[in-house]
Ligand code: CMP
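Residue numbers (the working numbering): 36 to 175.
Okay, structure coming up:
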């Protein structure tokens, strides 16, 4: 089934000039960008995006980090895109991520883990809607 998922290239990866390398990996994996923008979140916007983690001890630090510099947000489309994108990213903690995954290659810390991806159809719907309006989708 063709799905859409939300990807974020986080401030650590943007700051290390890894945007092109990461987008190349998406395209090579058949995860095709449908929408893409470079932006910087306010802390409140980061808190809104990560609201499901609001009770977690790392929430404040995560939201400070995610608003500390520019990010690139992408809507990716492809067959079984949500799970395949998660497989491409690897484990949340780069130290535990498998060889060949984005977080193994580009992450440096469980918080500075280079990329984010939606973890379910429900979160993809929320996260895509958080960054893209219906009017912005190109026809493919
Ligand atoms: P992400 O996929 O963006 O979803 C939530 C983020 O919280 C996660 O990646 C990590 O960057 C961060 N995170 C998850 N667990 C921890 C943790 N134990 N300590 C610090 N940050 C975490």
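Cβ atoms here follow ideal geometry from the backbone N, Cα and C, with glycine treated the same way.
Checklist line | Assigned secondary structure, residue 146 (DSSP; H/G/I helix, E/B strand, else coil) | finding: Coil, per DSSP.
Item checked: Cα-Cα separation, residue 164 to residue 87 -> 15 Å
Margin query: I need the boundaries of the beta strand (DSSP E) containing residue 42, first residue and last residue.
Written below: 37-44
Checklist line | Span of the alpha helix (DSSP H) around residue 97 | finding: 94-101
Note to self: Applying the 10 Å Cβ sphere with the 16-neighbour rule, what's the burial state of residue 148?
What the structure shows: buried
Margin query: For residue 71 and residue 124, what's the separation of their Cα atoms in angstroms?
Written below: Roughly 18 Å between the two C-alpha positions.
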